[in-house]
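Asker:
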Amino acid sequence: SILSGFVKLKMQNSPASPAQPQVQSEQREKWASKLQFLLAVAGHIIGLGNVWRFPYLCYKNGGGAFFVPYVLFLFSCGIPLFFLETSLGQFTSQGGITCWRKICPLFEGLGYGSQVVVLYTGIYYIVILAWAFLYLFSCFTSELPWASCKNTWNTGNTAYTYPEKISSPVVEFWERRILGLSGGIEELGNVRWELALCLLLTWIICYFCVWKGVKSTGKVVYFTATFPYLMLTVLLLRGLTLPGATNGIKFYLYPDITRLADPQVWMDAGSQIFYSYGVCTGVLTALGSYNKYENDCYRDCMYLCLLNSMTSFVAGFAIFSVLGFMADEQGVDISVVAESGPGLAFIAYPRAVSLMPVPQLWAIFFFIMIIFLGLDSEFVYFEALVTAVSDMFPAFFQIGHRRKILLLLLCIASFLLGLSMVTEGGLYIFQLFDYYACSGMTLLAFAILQSICVGWVYGRNLYYIILCVWSAWLTYQSYSSSSSPPPPPFFFPQGTFVFSLVKYTPLKFNNTYEYPWWGYAIGGFFTLSSTLIIPLWMVYKISNTSGSMRQSKSCAPLLQTCIFGNLQKSSCHLARLTPSQTSRPYALFAVSPPQIYKQIHTHSNRLPVMQCTRHPDDCFHHDDYHPLLSLEMCYFLVTKRLLHIYLLHFHFNQHDFCGYSTVIG
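Remember, my numbering sits 1037 above the position in the sequence shown when you count from 1.
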């Protein structure tokens, strides 16, 4: 037998396990290729913020000097958090909620809170696509409707080249034709039926992009993630050939070193990293969970992060070359025409393309790019949300079409909630969602807690060893957790979070309109509904778990690797071996005992025996332990120092296997 003379097993019926065989869940789906994963993540992180937010922040905060804080936050905070979430999904093969249950059940509230943010984001983000679709449909005319003052929605105060207090036709098209903007959130008015139909169209497209899981998502991203680059290239080449483009690029990149003394510049750099890299929402975790376990996600994350930042940088040339042309045509300073957010996409850029030859063509290209940039970000949000929910109840959602029905219900509910943002006062609600529901402070708080959970509770030494297994770019170096400084992904979000609290100002629409008290109350509910879940879950988990935190702390090394679900009334046995001298650590994971023993047997000729120095029963006296710090995983790790073999309580052939630390030969 393969186990003979190698591992002595103890087979026993556990009180925690049923006598009858359990139904095994189907194997988790995987990306058909690495390229699908790369395109899906790229489509998620490379979105509207790269086009309408980063170039403006760069211009506003000192041009080229803005790259100093941006690059610092990128390498010290953005990439580590991006890698942490992606690797967490790949490591646990779970979505944004159950991954924390496996790492540390005490912090499972992080998963629930992040999915609330994902839901809020999905509800309001798709409204931008509805606006873009209506603009796109309006481009198929002999004259762009925002290029003249002869339309029914124009007022008598309209002029294309306008002094102060005279409205522009492109502004009136946006406010009166598209939005029908009312005087405040108190005046919601009627639903704009054209926008509502565009919103419905967008939800239908989103549903069919996700309805078959990664099988459909992986195919759709081949087009949705690459086509925006074609459009961006076309617009970039066109912009660089326009008169005045050089002045626009100069305003975009000209460095003003004195701006680095302004704390707001650093705050903007940090917030842009969190905004554009999609961290702390669980989306990256969900996408990473469909990777093959041995995938080198460290290399993938480095490439994706650099691609994201380079796209933002290049998009600035495409945008500011056109804005420079518009400023030159109108004879005004570029600061007059430079905008960010929806103002750039639906006012400044449409005004600029209307000044070009064949404006309809360039307007169509631009809004197609906007739609595709937002579309893959949107359907990935709901892929992550459905993944998180279905991973909580895998046996239920793997039957029939239940997963598709769940997605359909989420889309219908989100569409109905989103109708409030396509009313005449819908833009005021949209701004509440953008400012409070998906605020930077919420994501910063999640980043701090994620760093604490993985870095301190689970242990960054252990997690780093696991990362070394996957990547040839990483080498294991043992270091003391007590003497090592905390990681930057903790300090940088913490500092930015404190600064954002100090500099907090209530939302004002267009810096003029103040919301009523109940409007701010709704915004506060959006923020607290995601963040308060975390401490409430901790209280719930502690109050419903036997044992004490002192017991948990004393057994932390074992509790980091032993799941409490099936081990409540049995013991986990640990064997320690000294490995051969290997240049890099490696790990072998398995899902059933025979596979584990086969892997151990394969390498047994290189693994001298060392007697176990501590018996886990010193910690685990049946129910007398605290299971809040645990991981449901069975693996053994080879490092330069020790080989740890954790043979955990697996259900196999109606018996529970638990490794016995006796003779390993």
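The beta carbon of each residue, even a glycine, is placed where N, CA and C say it ideally should be.
1) Starting from glutamate 1366, trace the alpha helix (DSSP H) in both directions and tell me its first and last residue.
2) DSSP three-state call for threonine 1254: helix, strand or coil?
3) Please classify glutamate 1415 as buried or exposed, where buried requires at least 16 neighbouring CB atoms within 10 angstroms.
4) CB leucine 1344 to CB alanine 1077, shorter than 9 Å?
5) Give every residue of the same chain whose Cβ lies closer than 7 Å to the Cβ of arginine 1568, excluding the five residues on either side of it in the sequence, and list them in chain order.
6) Does DSSP classify valine 1228 as helix, strand or coil?
7) For my contact list, methionine 1575 and glycine 1146 are in at a C-beta cut-off of 8 Å; report their separation, rounded to the angstrom.
8) Is phenylalanine 1273 near alanine 1169, with beta carbons less than 9 Å apart?
9) Rounded to the nearest angstrom, what separates aspartate 1333 and leucine 1381 at their Cα positions?
10) Alpha carbons only, please: which of Ala1069, Tyr1161, Ile1160 and Leu1173 is nearest the one belonging to phenylalanine 1409?
11) On a Cα-Cα basis, can you pick out the residue from Ala1421, Gln1073 and Tyr1386 that is closest to glycine 1361?
12) What residue range is occupied by the uninterrupted alpha helix (DSSP H) comprising methionine 1406?
13) Just verifying my parser: in three-state terms, what is the DSSP assignment at phenylalanine 1177?
14) Any idea which residues DSSP pairs lysine 1329 with across the strands?
15) So, does the region 1433-1448 touch the region 1293-1309, judging by three or more C-beta pairs under 8 Å?
16) Which runs of the alpha helix (DSSP H) fall wholly inside the region 1098-1149 and span at least 4 residues, in chain order?
17) Provide the residue span of the alpha helix (DSSP H) that contains serine 1372, from first to last.
18) Can you look up threonine 1322 in the DSSP assignment and give me helix, strand or coil?
19) Using the Cβ count rule (16 or more neighbours within 10 Å means buried), how would you classify aspartate 1337?
20) Only counting runs of 3 or more residues, tell me where the beta strand (DSSP E) segments fall wholly within the region 1429-1511, in order along the chain.
21) Look up tyrosine 1162 in the DSSP assignment and say whether it is helix, strand or coil.
22) Between which two residues does the alpha helix (DSSP H) harbouring tryptophan 1554 extend?
23) In the DSSP assignment, find the unbroken alpha helix (DSSP H) run with lysine 1287 in it and report its ends.
24) Within a Cβ cutoff of 7 Å, which residues of the same chain sit near arginine 1138, ignoring the five residues on either side of it in sequence?
25) Measuring alpha carbon to alpha carbon, tell me which residue in Lys1540, Trp1399, Ile1502 and Leu1499 is nearest glutamate 1180.
26) My understanding is that leucine 1118 touches cysteine 1317, with C-beta atoms under 8 Å, so please give their C-beta distance in whole angstroms.
27) Going by DSSP in three states, lysine 1071 sits in which element: helix, strand or coil?
28) Apart from the five residues on each side of it in sequence, which residues of its chain come closer than 8 Å, Cβ to Cβ, to valine 1208?
29) Sort out for me which residues DSSP pairs phenylalanine 1546 with in a bridge.
30) Given a threshold of 16 other Cβ atoms within 10 Å of its Cβ, counted over all protein chains shown, does proline 1543 qualify as buried or as exposed?
Answerer: With the structure as the only source:
1) 1334-1367
2) helix
3) buried
4) no
5) Looking at the sequence itself, residue 1568 is threonine, so the reference to arginine does not match. Within the same chain, threonine 1568 has close Cβ partners Gly1150, Thr1479 and Ala1482.
6) strand
7) 6 Å
8) For the sequence presented, residue 1273 should be read as leucine rather than phenylalanine. Contact flag unset, no.
9) 38 Å
10) Leu1173
11) Tyr1386
12) 1396-1429
13) coil
14) None, per the DSSP bridge assignment.
15) no
16) 1104-1110, 1116-1129 and 1135-1140
17) 1371-1374
18) helix
19) buried
20) none
21) helix
22) 1554-1568
23) 1282-1290
24) Glu1145
25) Trp1399
26) 7 Å
27) helix
28) Ile1384
29) Tyr1550
30) exposed
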